[in-house]
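Every number in the working numbering is 1 more than the matching position in the sequence shown, counting from 1.
Just so it is clear, CB atoms sit at the ideal spot from N, CA and C, and this is done for glycine as well.
Below is one structure, written out as structure tokens; comments come after it.
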Amino acid sequence: MRNDTIMVIGTGQMGAGIAQVCAQAGYNVYLNDVSAEQIQKGMKRISGQLMRQAEKGKMSQQDVKEIYQRLSPAPHLEDAREAFLIVEAAVENMDVKKEIFKRLDGITEDLAILASNTSSLSITELASVTNKPEHVIGMHFMNPVPVMQLIEVIKGLETSEETYQTVVAVAKKLNKVPIEVHDFPGFISNRILMPMINEAVFALYEGVADKESIDSIMKLGMNHPMGPLALADLIGLDTCLFIMETLHQGFGDDKYRPCPLLKQYVNAGRLGKKSGRGFYTYGNN
Ligand SMILES: NC(=O)c1ccc[n+]([C@@H]2O[C@H](COP(=O)([O-])OP(=O)(O)OC[C@H]3O[C@@H](n4cnc5c(N)ncnc54)[C@H](O)[C@@H]3O)[C@@H](O)[C@H]2O)c1
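In structure tokens form, the structure reads like this:
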């Protein structure tokens, strides 16, 4: 196990961003996903991001080269053995995440920290499939990772203070602000954000206003940097739906019922920006 090595599992929009900021902070980063092709996609996403930073004069070509060299594809989960911190950022699905954590438990050393970037799922439940629940923690990065300051740090029932302090130290090294929350569905960020997005989808569904008007009202009237429907597209409508279902199930309260229109879009494959179409249509996909 090496104190300068982090593995990121799932190299989609969040995992790629997490890997990028870790490499920028000087860590060696292993990238794992379901296939070599997916990992390459993630690496390409990161190189594109770094090149854009260089074009804007925010870093030199030499920086880009050095950061990129700290990234290594790791198609085998067994490579997690070398990392002191593993950040899982696979799809928002408890069964998928449990399977990953179960395998990691067998691969990693006792002292390694197993973190999940889950938006809403129980850290305590994830930890329960491992033999080291005191080393399991939530590290909830915000989207887009290189830009957003916050990391919500979620302590499961058994998470140790030592694990928490290590993660806080890593977060600070990444130039982020860690804030501690307890393990309840949606934590703080998505318990507040997702019902607002879901309500915006209901307003669209009921024909109260069109999508542009809903988004403009929240931007111009509430000073939000982007409207809730555009934000849902950025997050991914599948992820939004998973989170609403977790809130609905977790609290057993119908106020968290996902809007049927959100379900319909997800069933149609309209997942937002990542699939080229959600509430809005996007190019280059
Ligand atoms: N999208 C957001 O705004 C946002 C914000 C904070 C947290 N999150 C959380 O981050 C996680 C990832 O979200 P995303 O938006 O990056 O999704 P995404 O769909 O862009 O990426 C998910 C990646 O996980 C990979 N994957 C799926 N199963 C896997 C497995 N068994 N092993 C390894 N890789 C696997 C997929 O191939 C894909 O590359 C989710 O838990 C989500 O809730 C998302």
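**Request:** May I ask you to report which of helix, strand or coil DSSP gives Thr167?
**Result:** In the structure shown, Thr167 sits in a helix (DSSP, three-state: H, G or I).
**Request:** Determine the direct distance from the alpha carbon of Pro229 to that of Met197, and round the result to whole angstroms.
**Result:** Looking at the two C-alpha atoms, the distance is approximately 7 Å.
**Request:** Count the C-beta pairs between the region 255 to 264 and the region 240 to 247 that are closer than 8 Å, then say yes if the count reaches three, no if not.
**Result:** Here the region 255 to 264 lies against the region 240 to 247, with 3 or more beta-carbon pairs under 8 Å apart.
**Message:** Tell me the DSSP secondary structure of Asn286 in three-state form.
**Reply:** Below a pLDDT of 50, predicted positions are generally treated as unreliable, and Asn286, at 49, falls in that range; the measurement from the model is reported next regardless. Note: Asn286 maps to coil in three-state DSSP.
**Request:** Express the C-alpha separation of Ile114 and Val146 in angstroms, rounding to a whole number.
**Result:** In this model, Val146 and Ile114 are separated by some 20 Å (Cα to Cα).
**Item:** Distance CB(Glu110)-CB(Met8) smaller than 8 Å
**Value:** With respect to Met8, Glu110 sits apart: the two C-beta atoms are not nearer than 8 Å.
**Prompt:** Cα-Cα, which of Lys99, Met140, Thr119 is closest to Val130?
**Reply:** Ranking the options by Cα distance to Val130, first place goes to Lys99.
**Message:** Please give me, in chain order, every unbroken run of the beta strand (DSSP E) with length at least 3 that falls completely inside the region 105 to 138.
**Reply:** Counting only runs of 3 or more, we get 114 to 117.
**Request:** Kindly examine ligand 1 and report whether one of its heavy atoms sits closer than 7 Å to the Cβ of Ala91.
**Result:** True, at least one ligand heavy atom lies under 7 Å from that Cβ.
**Asked** Opposite Phe142 in the DSSP bridges: which residues?
**Response** Per DSSP, Ile152.
**Request:** Could you have a look at Thr247 and say whether DSSP puts it in helix, strand or coil?
**Result:** Thr247: helix per DSSP, three-state reduction.
**Asked** By how many angstroms is the C-alpha of Leu151 removed from the C-alpha of His77?
**Response** Rounded to the nearest angstrom, the gap between the Cα atoms of His77 and Leu151 is 30 Å.
**Asked** Say the cut is 7 Å; is the CB of Met227 nearer than that to a heavy atom of ligand 1?
**Response** Not one heavy atom of ligand 1 falls within 7 Å of the beta-carbon of Met227.
**Contacts around Gly270, its chain only, beta-carbon distance under 7 Å, and the 5 residues preceding and following it disregarded** = Around Gly270, the same chain offers Ser276 as residues with beta carbons nearer than 7 Å, after the five sequence neighbours per side are excluded.
**Prompt:** Can you tell me whether His141 is buried or exposed, with buried defined as 16 or more other CB within 10 angstroms of its CB?
**Reply:** By the C-beta density criterion, His141 is buried, having at least 16 other C-beta atoms within 10 angstroms.
**Item:** Three-way DSSP call (helix, strand, coil) for Glu89 in this model
**Value:** DSSP places Glu89 in strand when its eight states are reduced to three.
**Message:** For Phe188 and Phe102, I'd like the C-alpha separation in whole angstroms.
**Reply:** Rounded to whole angstroms, the gap between the alpha carbons of Phe188 and Phe102 is 20 Å.
**Request:** Check whether the region 156 to 175 touches the region 208 to 215, taking contact to mean three or more Cβ pairs, one atom from each stretch, closer than 8 Å.
**Result:** No, the region 156 to 175 does not touch the region 208 to 215.
**Straight-line gap, Glu345 to Leu105 (C-alpha atoms, nearest Å)** = Coverage of the chain is limited to positions 2 through 286, which leaves residue 345 absent and any answer about it impossible.
**Prompt:** Is it buried or exposed for Asn33, if we count other Cβ within 10 angstroms and need 16 for buried?
**Reply:** Classification for Asn33: buried.
**Val97 Cβ short of 7 Å to ligand 1 heavy atom set** = Ligand 1 approaches Val97 closely enough that one of its heavy atoms is under 7 Å from the residue's Cβ.
**Message:** Looking at the secondary structure, which residues open and close the alpha helix (DSSP H) in which Arg192 lies?
**Reply:** Where Arg192 is concerned, the enclosing alpha helix (DSSP H) stretches over 190 to 206.
**Message:** Give me the DSSP bridge partner(s) of Glu181.
**Reply:** Glu181 pairs with Val154.
**Message:** So, with DSSP's three-state summary, where would you put Met227?
**Reply:** Here Met227 carries a coil assignment [DSSP, helix/strand/coil].
**Asked** Apart from the five residues just before and just after Glu159, which ones in its own chain have a Cβ nearer than 8 Å to its Cβ?
**Response** For Glu159, where only same-chain residues beyond five positions count, the Cβ hits under 8 Å are Thr125, Ala128, Pro134, Glu135, Val137.
**Prompt:** What is the DSSP secondary structure of Leu175, reduced to helix, strand or coil?
**Reply:** Here Leu175 sits in coil by DSSP.
**Complete runs of the alpha helix (DSSP H) confined to the region 3 to 65 [at least 4 residues]** = Here the runs fully enclosed are 14 to 25, 37 to 56.
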